[in-house]
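Anchor point for the sequence shown: position 301 equals 288 in this note's numbering, and the numbering is continuous, going up by one each time. Take a look at the structure below.
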Amino acid sequence: MSISLIILPVSWAEEEKHEQEADWKYAKDVNEQDITWVSTLNQTMKWGDRVNIKDWALGNFTVELTDLMKDATNSRIIGTLMTVTGENKRSQVTMGSDESQTVAFEAPLYDDEMKISASIDGERTWSRELFEPNISVQVYLRGKPDINISYSIYNEDPASNTNLNTTDTLESNKFFYIQVSIENKGNATLKDALLDVNLTNFTTQEQTAVQREGVSFKYTGSSVIYDLNDLKVGDKRVLNLSVISPVSPVNKTFIIPMKLTGSDNKNVHYTFRIEKQLIIKPFIDVKKQVALYVNYSGADVLYVNELFRTLLTMKNNGNQDVMINLTDSVPDSFAYQTKENESLNWSVIIPPKSSRTISYSIKPIKYIETVLIPKATAKFELEGKIYSVESNDIEVKIKGSDVSLTKDVKINQQDNGIINATVIVGARNLGDQRVSLKIMDILPDNASLTNGTTSQENIFLEKNELFSYSYEISIPSGEEIILPAAKGYYIDFRTYLEKDNSNKEDIWRKIESNQPVIGPRQPTPAIAPENVDPKQKNISLSNDENITLPALAEKEERKTKLGIIKNFILMFIGSITGKQGIEESQAASLMEIQPVIKRIEETHSSFTWTVGWERQEDVNASSGTWKVSGTPGSKVAVSFTGTGVALLYSAGQDGGTASIEVDGKAYPDIDMYSSIPYSKINMTIASGLENTQHTLSITVSGKKNPAASSSLIVVDAVEVTRS
């Protein structure tokens, strides 16, 4: 069983780590004439003062002016007593004015390591007047070697004397170079200096001792040992060596430690260490490049509806054949073309030290100002484990034209089997180029144009500019009618210039709108009687659009006409029967009974929701809330008793397509996309049903209009018709 192991990149190399230490166990006595004394302190002190002395090899000390010595007459100060205290070391030094004394600690380890001199300021004498004498104290330490060691990594030989950049990242199984710089900044010679470069995990060539750049070196195990002889004060050495990096299946951190050792003339042994981290990249390398289709040079600007080539270069830096499964993807706003297979998946065997390039074409189909071209992923198996390596991603800018086309319908009136409606066609320039646009629309069968024109030409739109026009139609009611999609054709100036002007029609880009639906029965939206406002004349869809109800004056006029006819019938019957003032029968009163429409909010217990729906508050909702879902398969069922049902929903640029069923029978889908947001849209689903219990089902299909940004479904309420 294979284990999938995906390693994320680690942080790059840390700062160089330096260490230095001194080993005194081999120390020996040394002649004072062979000592180089280095001034460490020159300070005026008073009785009881303390000062701190720090030496990296010897440690920390405290020097205290402990006492002052007077002459036999007790009238003059003639000397001082200094107490020196260090780490497990303590000594006292007595000296007269202008004398120097070497501090004796523990011979031969720390003896002859410090010298102190003191001088008394002026010829002071004791008197009845008190005074505080000043003692000038100088502290000297024995000089020691102090080595500064550093190294840098190069992809090319630094001995070439060209301007090269250092790196902390190396390819697997790659020849690289290390340049080591050494300088003695101390005050004494480092004798018998040896540099040990530990190259564990790296590949070196076994050799006997050789001479390079005046320095002898040899390979011992995984280390290279350089014999630097003596490093005198101020000496500088620069060493160059070549190494092969290890083979790693993932980004991995390696360390190259270096150690420089030697001794001084007292046989104190010194060690100077340095190390820093290096990142070794996977031996499988994947590089992604988006190139101009014609010349393969890299491109960071792409144009809508124009082809560009994506290049995927896989390189095997290892020492064996590797089977690579390569997977790539393109953004949602792109299309791709490949001749090798239908999907962006390839299986490739790459020999060691070889590479393979796969290419395919991509094309932006929609304007988005900045797009991130995603990484490709290469998976391969090594020693029973599955590893994954990603390519780089690429941020590109998109230029060009992109126009969206929408079509909406608004029912103005429904009477005597005829529906009067307004069709609104809108276009928006979503790109960054000025476009020329023409729109062609056609009427559905049995529809008549009553006002306006269906098509428009010579439309010029700037970036983000919106254009819309409308016309009115009349159409018989009865069956559900799907309006044809409006067709648009547009061109931008870049395309106009680059193409053959003799065939301009061939370069117009074609777009289509959505297809709005006019239901078999579009009843005027009504409100349950208890909620009716007697002053209300219309129901707002949004801040911009309204569905108009019959005006109260029109209702009253129709009611008056019905009353005149009714009275005439009653008088006629009375003249025949001889009965005057015949009362209106119950059957006659039924002539004025109108269908009752009751609204059921989405919070009612009649609604049964599956997972995936979210309740949202919105001022445009019927009761202040509605439910939203973009999860394909999410479903809501509504139980109702009546002869018809309509759905109240909201439409917008993120609207998707809802699948509709009544009692298990499929009804036309509802497209909830609209370029302009609408709320409280009343869409009749079914009418003429038996006056029994029914179930309306609404399902998130996951489908959407090409212009929609998402596939959200919004359910606000339902309205049930009861005859």
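Just so it is clear, CB atoms sit at the ideal spot from N, CA and C, and this is done for glycine as well. Bear in mind the structure is a predicted one, so any value in this text is a computation, not a measurement.
Considering only their Cβ atoms, is the gap separating Ile462 from Ile406 smaller than 8 Å?
yes
Quick check on the DSSP output: what are the complete alpha helix (DSSP H) runs of length 4 or more inside the segment -2 to 43, in order along the chain?
none
Straight-line Cα distance separating Ala472 from Val705:
27 Å
Using a Cβ-Cβ cut-off of 8 Å (strictly less than) and excluding sequence neighbours within five positions of Ser391, which residues of its own chain qualify?
Ala414, Arg415, Leu417, Ile498, Ser662, Ala694
Who are the Cβ neighbours of Lys174 in its own chain at under 7 Å, not counting the five residues just before and after it?
The sequence shown places Asn at residue 174, not Lys. These residues qualify, in order along the chain: Thr23, Val25, Gly130, Lys131, Val220.
Report buried or exposed for His681, applying the criterion of at least 16 other Cβ atoms within 10 angstroms of its Cβ.
buried
Would you kindly work out how many angstroms separate the C-alpha atoms of Lys302 and Asn445, rounded to a whole number?
53 Å
Pick out whichever of Thr53, Lys76, Pro655, Asp85 has its Cα sitting closest to the Cα of Ile65.
Asp85
Quick check on DSSP: helix, strand or coil for Ala473?
coil
Quick one: Cα of Leu294 to Cα of Ile136, how far?
55 Å
Here's the rule: buried if 16 or more other CB atoms are within 10 angstroms of the residue's CB, otherwise exposed. What is Ala322?
exposed
Tell me the DSSP secondary structure of Ser62 in three-state form.
coil
Using C-beta distances below 6 Å, list every residue in its chain close to Asn47, excluding the 5 sequence neighbours before and after it, in chain order.
Lys41
Using beta-carbon positions only, say whether Asn501 and Asn692 come within less than 8 Å of one another.
yes
Taking the straight line between their C-alpha atoms, what separation do you get for Thr297 and Pro269?
22 Å
Going by DSSP, what residues sit across from Gln264 in a beta bridge?
Ile242
Nearest CA to the CA of Tyr13: which residue from Phe241, Ser250, Asn185?
Ser250
Asn39 and Thr49: beta carbons closer than 8 Å?
yes
So, for Val615: in the same chain, excluding its five sequence neighbours on each side, which residues have a beta-carbon less than 6 Å away from its beta-carbon?
Glu601, Gln603, Leu699, Val701
Straight-line CA distance for Ala638 to Ser688?
15 Å
Inside the segment 395 to 476 only - beta strand (DSSP E) runs reaching at least 3 residues:
405 to 416, 422 to 427, 435 to 438, 443 to 448, 453 to 463
Between which two residues does the beta strand (DSSP E) holding Thr590 run?
Segment: none, Thr590 is in no beta strand (DSSP E) and carries neither H nor E.
Under 7 Å Cβ to Cβ from Thr441, same chain only, skipping five residues before and after it: list those, please.
Asp428, Ile429, Leu430, Tyr458
Who are the near neighbours of Glu51 in its chain, counting only those whose CB is closer than 6 Å to its CB and skipping five residues on each side?
Arg37, Thr70
Assign Leu685 to buried or exposed, taking buried as 16 or more other Cβ atoms, counted over all protein chains shown, within 10 Å of its Cβ.
Looking at the sequence provided, one finds Ile at residue 685 rather than Leu. By the neighbour-count rule (16 or more Cβ atoms within 10 Å), Ile685 is buried.
Assign Met32 to buried or exposed, taking buried as 16 or more other Cβ atoms, counted over all protein chains shown, within 10 Å of its Cβ.
buried
How many angstroms separate the CA atom of Thr630 from the CA atom of Arg481?
57 Å
If you pair each beta-carbon of the segment 259 to 274 with each one of the segment 373 to 385, do three or more pairs fall below 8 Å?
yes
Please state the DSSP three-state secondary structure of Ile140.
strand
Hey, is Glu368's beta-carbon within less than 8 Å of any beta-carbon in chain B?
Chain labels in this structure do not include chain B; a single protein chain is all it has.
Tell me whether Lys691 sits in a helix, a strand or coil according to DSSP, three-state version.
coil
CA-to-CA distance, Lys263 to Val598, given in whole angstroms
54 Å
Own chain residues within Cβ distance below 7 Å of Gln523, not counting five before or after:
Only weak support exists for where Gln523 lies, its pLDDT of 33 falling under 50; the value from the coordinates is given anyway. Excluding positions up to five away in sequence, the list is empty.
Between the segment 238 to 256 and the segment 177 to 193, do at least 3 Cβ pairs fall closer than 8 Å?
yes
Under a Cβ-count criterion, where at least 16 other Cβ atoms within 10 Å of its own Cβ denotes burial, should Ala59 be classed as buried or exposed?
exposed
Could you check the C-alpha separation between Asp319 and Asn292 for me, to the nearest Å?
14 Å
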